[in-house]
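Working notes for the structure below.
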Amino acid sequence: MAEHLGEAASNGKLNVGGGNSSVGYKVTARKQDGGKVKVAISVMAPRDWLLKQGFKQDATLVRANGGELAVRHTGGELDVSDSISVTLSAAEVECDSEEQARQAFPELELNS
1 MAEHLGEAAS NGKLNVGGGN SSVGYKVTAR KQDGGKVKVA ISVMAPRDWL
51 LKQGFKQDAT LVRANGGELA VRHTGGELDV SDSISVTLSA AEVECDSEEQ
101 ARQAFPELEL NS
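For what it's worth, UniProt numbering labels the leading residue of the sequence shown as 1, then goes sequentially.
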């Protein structure tokens, strides 16, 4: 069973087709059986801005530390029938330890 280690909110930029917008994003860490740590990142973005940029399903999140992650709308191709605020998610990142997760995601404040 996974153990919730922590979560944090931070600010970054969402890049879609050359257009950028400031966004908030959430980082969540869970410790798995065996000691590995899975980190998930999600972004809330305005549907109309995404559509104006030509967004279909994929974008790039530029995190606060400058690192980039691909984020995706998991509900298929975005259109005007979607909610006004859309959740985009990155593929979960698996780290070998809490220390490795802390280094890769300094937004997190994990207590070892």
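By construction, the Cβ of each residue, glycine as well, lies at the ideal position given by its N, Cα and C atoms.
| Check | Outcome |
| --- | --- |
| Buried versus exposed, by CB contacts within 10 Å (16 or more), Ser112 | Bear in mind that a pLDDT of 48 at Ser112, under 50, signals an unreliable position, so the number given afterwards is only what the model happens to contain. Burial call: exposed. |
| Inter-stretch contact (C-beta, 8 Å, three-pair minimum) for the stretch 1-15 and the stretch 60-80 | yes |
| Inter-residue spacing [alpha-carbon to alpha-carbon] between Gly17 and Ala91 | 20 Å |
| Under the three-state DSSP convention, the category Asp48 falls into | helix |
| Cβ neighbours of Asp58 in the same chain (closer than 7 Å, five flanking residues each side left out) | Ala70, Arg72 |
| DSSP state of Arg72 mapped onto helix, strand, coil | strand |
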